[in-house]
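As structure tokens, the structure follows; a few thoughts come after it.
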Amino acid sequence: MKRILLMGNPNVGKSVFFNRLTGVNVIASNYAGTTVDYTKGYMCLEGEDVELIDVPGTFSLEAKDKAEEVAVKMLDEYNDSVVICVLDASKLERGLYLALEIIEKCHPVVIALNMWDDTMVKNIEVDVAKLASILGVPTVPTVAITGEGLKELVSSIGDASSATIEAIIGRVS
Ligand SMILES: Nc1nc2c(ncn2[C@@H]2O[C@H](COP(=O)(O)OP(=O)(O)O)[C@@H](O)[C@H]2O)c(=O)[nH]1
Ligand SMILES: [Mg+2]
313 MKRILLMGNP NVGKSVFFNR LTGVNVIASN YAGTTVDYTK GYMCLEGEDV
363 ELIDVPGTFS LEAKDKAEEV AVKMLDEYND SVVICVLDAS KLERGLYLAL
413 EIIEKCHPVV IALNMWDDTM VKNIEVDVAK LASILGVPTV PTVAITGEGL
463 KELVSSIGDA SSATIEAIIG RVS
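Using the working numbering, you'd call the opening residue of the sequence shown number 313 and step up by one each time.
And the structure:
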């Protein structure tokens, strides 16, 4: 079965997305050999059942605590999975740091620029088209709590691409 990992910094809206995307069969477990909990569920994508994992929040892949260690292990273990990288669009730099690390691991990625409502209220300007073209992966503004952008995000999963850091550097320099 295909697997999708929801990843991002803590408090960016991963679990709100998870709850919107999954149905009733949600399973909470410990990651083997740890006390770190995570949740997995299922969603239907283009007629196929896909497993969705709400990965513990992490700021980077240089793990600083147990939860971050689990996030890194999941990314390595499920190396054939697509990653929905959830960013707080009003705190873009932090989120992009992790997104670039995930891209560097060659996972197909789509980026949710979440908290788009807050970002607008705070008058923070994000050039979505430019960001998408630099990163070379689908990049969709979203508001997890209202579901805005969710449809577009889900339909972009099929276009998730494995960008390369070299190509990204080439596009910014
Ligand atoms: N304003 C706003 N709040 C959001 C949005 N998405 C999530 N939240 C809120 O942000 C907080 C953290 O969300 P949560 O899903 O628990 O984050 P997680 O730690 O990444 O799983 C909660 O209070 C959510 O209701 C959004 O798009 N806009
Ligand atoms: Mg959560």
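All residues carry an ideal CB built from backbone N, CA and C; glycine is no exception. Since this is a predicted model, take the numbers as computed values, not measurements.
Item to complete: Please list, in chain order, all residues with a C-beta atom less than 7 Å from at least one heavy atom of ligand 2.
Response: K326, S327, D366 and G369
Worksheet item: Given a threshold of 16 other Cβ atoms within 10 Å of its Cβ, counted over all protein chains shown, does A379 qualify as buried or as exposed?
Response: buried
Worksheet item: Taking the C-alpha atoms as reference points, what is the distance between L443 and E360?
Response: 30 Å
Practice prompt. With a threshold of 16 other CB atoms inside 10 Å of the CB of G353, please say whether the residue is buried or exposed.
Written response: buried
Item to complete: Below 7 Å CB to CB, which residues in the same chain sit around L462 once its five sequence neighbours on both sides are set aside?
Response: So the list reads R332 and T454, once near-sequence residues are dropped.
Practice prompt. Consult DSSP for T451 and reduce its assignment to one of helix, strand or coil.
Written response: strand
Fill in: Opposing strand residues paired with T351 [DSSP bridges]
According to DSSP, T351 bridges with A340 and D366.
Worksheet item: At a cut-off of 7 Å, is V338 close to ligand 1 when judged by its beta-carbon and the heavy atoms of the ligand?
Response: no
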